[in-house]
Structure formats: C-alpha cells, structure tokens
Amino acid sequence: MEYELRITMKREVFETLEDRALLEACIEPTIRQIRGKGLRLKREVYAGLTPGQQALLMFQVLYGHAHSEPEYYWFVSHYISLGVWSEVKAGMRYFGDEAMLRIYEETEAAVEAKNRQPDGGWRHFAVMDLDGDAELAASVARLFARYHQAAPETIRRIGERIRSIPGEFAALEG
Numbered sequence: 005m006e007y008e009l010r011i012t013m014k015r016e017v018f019e020t021l022e023d024r025a026l027l028e029a030c031i032e033p034t035i036r037q038i039r040g041k042g043l044r045l046k047r048e049v050y051a052g053l054t055p056g057q058q059a060l061l062m063f064q065v066l067y068g069h070a071h072s073e074p075e076y077y078w079f080v081s082h083y084i085s086l087g088v089w090s091e092v093k094a095g096m097r098y099f100g101d102e103a104m105l106r107i108y109e110e111t112e113a114a115v116e117a118k119n120r121q122p123d124g125g126w127r128h129f130a131v132m133d134l135d136g137d138a139e140l141a142a143s144v145a146r147l148f149a150r151y152h153q154a155a156p157e158t159i160r161r162i163g164e165r166i167r168s169i170p171g172e173f174a175a176l177e178g
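Structure, rendered in structure tokens:
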C-alpha cells in the first residue's frame with residue numbers, strides 16, 4: 005500500500021512558518037493517515053518515513069497528547085507497553101536534544117518502576133494510578149514540569165533541523 009508521506013510546500017511559506025507551525029505542517033499528513041488506525045498500519049507507515057519524519061512523528065505523538073501530568077504518565081506508559089518508546093527516545097537522539105532525552109529516560113524509569121511486573125510483563129495502568137500513589141504522583145509532576153519547560157527548546161531545535169535539511173521533511177516548490 006502506498007502512502008503520501010511528505011508534504012509539498014512553497015519555499016516562501018516553508019521559510020516563514022514559526023517553528024511549531026512548521027513541525028505540524030511537516031507531520032500532519034502522516035498523522036491524518038494513521039489516526040485511529042491499527043498498530044500494524046501505523047508500523048507500516050512509520051517504516052516508510054524518512055529518519056527525520058520518524059523522529060518528528062515520535063515527538064509529536066507524545067507532545068500532541070500529553071497536556072497534563074496524568075496524560076503524560078498514561079501516554080508514556082502506553083508507548084512503553086506497545087514497544088515504541090525506544091523510537092520516541094531515538095527521535096530525541098536524531099534531533100540531538102540530550103536534555104529532553106534525559107527527561108524521557110527518567111520518566112521511563114519512574115513509569116517502569118510502577119508498571120513493570122517481576123516476570124517482565126506490564127501491569128494494567130490507568131490515569132488514576134497517580135491518585136493512589138503519592139510518590140509516583142510527585143515524580144510524574146516533577147518530570148512533567150521539566151518536560152513542559154523543555155518543550156519550547158525542543159520545538160526550536162526541531163524547527164532548526166527541518167530548515168537545515170528540508171528534503172527530509174517536505175518537497176519544496178519555487
């Protein structure tokens with residue numbers, strides 16, 4: 005199955021978009037194609053992306069969903085349980101964002117401490133986990149605050165990378 009995975013954009017539009025708008029413009033067509041679809045199709049589309057698009061997608065799937073501490077906890081838990089968390093971290097390596105990568109790794113450790121079972125399995129997790137575990141709630145609150153604070157620099161860094169190698173993310177006209 006063939007998917008259109010790169011946007012076509014006029015060069016002058018590409019050069020004038022703010023970082024956040026540029027990120028969204030470059031990845032939104034992919035997100036539209038996979039939204040609400042099964043994991044198999046998502047993996048197939050992901051495999052057809054350039055390394056830059058993969059990194060951008062993995063940033064966006066977390067950033068676009070994690071707007072609060074409970075959401076941050078749940079989505080990190082979800083991506084770890086699906087086996088795609090390593091790709092989320094790889095995205096930060098691609099963009100050279102060591103600060104955000106450290107936050108991701110510390111969050112992973114906190115989430116795994118709560119959800120990884122002795123047999124290596126993954127326990128059922130829920131947003132309400134934070135209500136019943138003061139230590140986890142405090143840890144997630146601290147990590148989410150750092151994540152939220154670091155995100156604007158990550159977005160700036162990603163925008164800079166997109167502008168430095170536009171063909172990795174978009175086909176420019178004009």
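Each residue of the sequence shown is one higher than the one before, starting from 5 at the first, in our numbering. Glycine residues also receive a C-beta, built at the ideal position from the N, C-alpha and C atoms. Predicted, not measured: the structure shown is a model, and the values here were computed from it.
- One thing to note: GLN58 has its Cβ no nearer than 8 Å to the Cβ of VAL49.
- At a Cβ-Cβ threshold of 8 Å, GLY56 and PHE173 count as neighbours.
- Exposed is the label assigned to GLN153, since fewer than 16 other Cβ atoms lie within 10 Å of its Cβ.
- Judged by DSSP in its simplified three-state form, LEU105 adopts helix.
- Within 10 angstroms of the beta-carbon of ARG39 lie fewer than 16 other beta-carbons, which makes it exposed.
- The Cβ-Cβ distance between GLU73 and PHE148 falls below 8 Å.
- In this structure, GLY125 is the residue among GLY95, LEU27 and GLY125 with its C-alpha nearest to the C-alpha of LEU86.
- For ALA175, the enclosing beta strand (DSSP E) starts and ends at 174-177.
- If you compare the alpha carbons of THR12, ILE84 and LEU27 with that of ALA155, the shortest gap goes to LEU27.
- For THR54, there is no enclosing beta strand (DSSP E), since its DSSP letter is neither H nor E.
- Per DSSP, the beta-bridge partners of MET13 are LEU176.
- Remark: C-beta atoms of ILE169 and ASP23 do not approach each other more closely than 8 Å.
- Under the DSSP definition of a beta bridge, ARG120 partners with TRP126.
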